[in-house]
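Encoded as structure tokens, the structure appears first; notes follow it.
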Amino acid sequence: MKAETLLAAACASRLRAYAPYSGFPVGAALYTSEGAVITGSNTENASYGMTVCAERIALFTAVHAGYRDFKKLAVVAESTPPPAPCGSCRQVLWELAGDLEVIMGNLNGDVKISNLSALLPQPFGSDSWHNNPFSKEEMENNKENWRIAVSFHPVGYVISDYEKPQEIPSNYKELVSQVFIEPDLKDGLHRLEEEREINVISYLHQARGYTLKDRRSGRGNEIFGVFACRAPLRPNSIAQSTVELLDVNNNILTVRGLDLINGTPVLDIKTVMPRL
Ligand code: THU
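FYI, the numbering for the sequence shown is 1178 to 1453, going by the working numbering.
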């Protein structure tokens, strides 16, 4: 990620600052090793000392979302020279983000780049604390346990006559399509042909945006939460379709009743649990 791109994200985030007391909005953007960009802006309070800087808002938001490995931080404000993170932010960044690259920019386009270790020489960390009850190894394990950002490698994809979600006919229950499974995973299909119905778990790669509570066309146009319906627009665009299994030929499954477009990544195939 280029410095300008991360600075642009910080600049946009600055517009969401709550800074009525100082009148000094600041934006910050963190770049994670997974390639995610997480932003923050300063949030002030009538009890001035309660204010939290843009950098810590971005960092805490990112940690809460499961990110634990950070590469770069951009900070933007209207100041000359460009804003440098305050001492408290440097300390908190050191513990959670380590020696990341800090890109400081202002609205005139001036940019300064420094590493956190240069901004915070001789840092105080948990390893300087002799009675620390956690060993370094335990702290690292903790990081792994808390890490919830996930990525999947599809096991195959859908082959269908339809290229766009809106083209899928309403009588899709009758629709026959195919599921291509990666040839090197073929052994995983052993005895699948004994099933009459299967679950296809997929990723709706063309879905964009969602509402948590809305009228749901599939549920009589009444208002339901996203987790109380099967709406395709959801926080994680994962679909689960129970379909009739018509044929298993090598690594190609033929199914009836799949409402997915051509090329939809398939994440998993599972049998259907008989209802009690
Ligand atoms: N501020 C930041 O957001 N980041 C910094 O690194 C320095 C200061 C904010 C805190 C407060 O809302 C305003 O700038 C003035 O101090």
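Just so you know, even glycine gets a beta-carbon here, dropped at the ideal spot from N, CA and C.
With burial defined as no fewer than 16 other Cβ atoms inside 10 Å of the residue's Cβ, what is the status of residue i: buried or exposed?
{"i": "Glu1221", "result": "buried"}
{"i": "Asp1436", "result": "buried"}
{"i": "Arg1385", "result": "exposed"}
{"i": "Ala1242", "result": "exposed"}
{"i": "Ala1235", "result": "buried"}
{"i": "Ile1400", "result": "exposed"}
{"i": "Met1450", "result": "exposed"}
{"i": "Ala1295", "result": "exposed"}
{"i": "Tyr1334", "result": "buried"}
{"i": "Arg1396", "result": "exposed"}
{"i": "Cys1266", "result": "buried"}
{"i": "Leu1423", "result": "exposed"}
{"i": "Ala1416", "result": "buried"}
{"i": "Tyr1244", "result": "buried"}
{"i": "Ala1223", "result": "exposed"}
Taking DSSP's pairing of strands, which residues face residue i in a bridge?
{"i": "Ile1429", "result": "Phe1357, Asn1426"}
{"i": "Asp1445", "result": "Ile1378"}
{"i": "Ala1205", "result": "Gly1217, Val1252"}
{"i": "Asp1391", "result": "Phe1401"}
{"i": "Asn1292", "result": "Glu1278"}
{"i": "Gly1434", "result": "Answer is none; Gly1434 lacks a bridge partner."}
{"i": "Tyr1128", "result": "The requested residue 1128 does not occur in the structure, where the chain is confined to residues 1178 to 1453."}
{"i": "Ala1242", "result": "Ala1242 pairs with nothing; no bridge assigned."}
{"i": "Gly1333", "result": "Ile1358, Val1443"}
{"i": "Ala1416", "result": "Ser1379"}
Looking at residue i: is its Cβ nearer than 7 Å to the Cβ of residue j?
{"i": "Ser1379", "j": "Val1443", "result": "yes"}
{"i": "Leu1273", "j": "Val1240", "result": "yes"}
{"i": "Ile1119", "j": "Phe1357", "result": "Here the chain covers residues 1178 to 1453 and nothing more, so residue 1119 does not appear."}
{"i": "Thr1448", "j": "Glu1372", "result": "yes"}
{"i": "Phe1301", "j": "Leu1277", "result": "no"}
{"i": "Ser1418", "j": "Leu1381", "result": "no"}
{"i": "Glu1340", "j": "Ile1438", "result": "yes"}
{"i": "Leu1183", "j": "Lys1249", "result": "yes"}
{"i": "Ser1190", "j": "Thr1209", "result": "no"}
{"i": "Ile1375", "j": "Ile1446", "result": "yes"}
{"i": "Arg1433", "j": "Glu1421", "result": "yes"}
{"i": "Ala1254", "j": "Ser1218", "result": "no"}
{"i": "Val1332", "j": "Glu1370", "result": "no"}
{"i": "Thr1431", "j": "Gln1343", "result": "no"}
Evaluate contact between the stretch 1278 to 1291 and the stretch 1405 to 1418, counting only Cβ atoms and requiring at least three cross-stretch pairs below 8 Å. Fewer than three Cβ pairs drawn from the stretch 1278 to 1291 and the stretch 1405 to 1418 lie within less than 8 Å of each other, which leaves the two stretches out of contact.
Nearest-residue set for the ligand THU, Cβ under 6 Å from any heavy atom: Ala1196, Ser1199, Phe1201, Val1203, Asn1219, Glu1221, Thr1228, Cys1230, Ala1231, Glu1232, Pro1260, Pro1262, Cys1263, Cys1266
If we count Cβ pairs, one from each stretch, closer than 8 Å, do we get three or more for the stretch 1229 to 1245 versus the stretch 1194 to 1205? yes
Would you call the stretch 1279 to 1286 and the stretch 1255 to 1262 touching, i.e. three or more CB-CB distances under 8 Å? Counting Cβ pairs under 8 Å, three or more are found: they touch.
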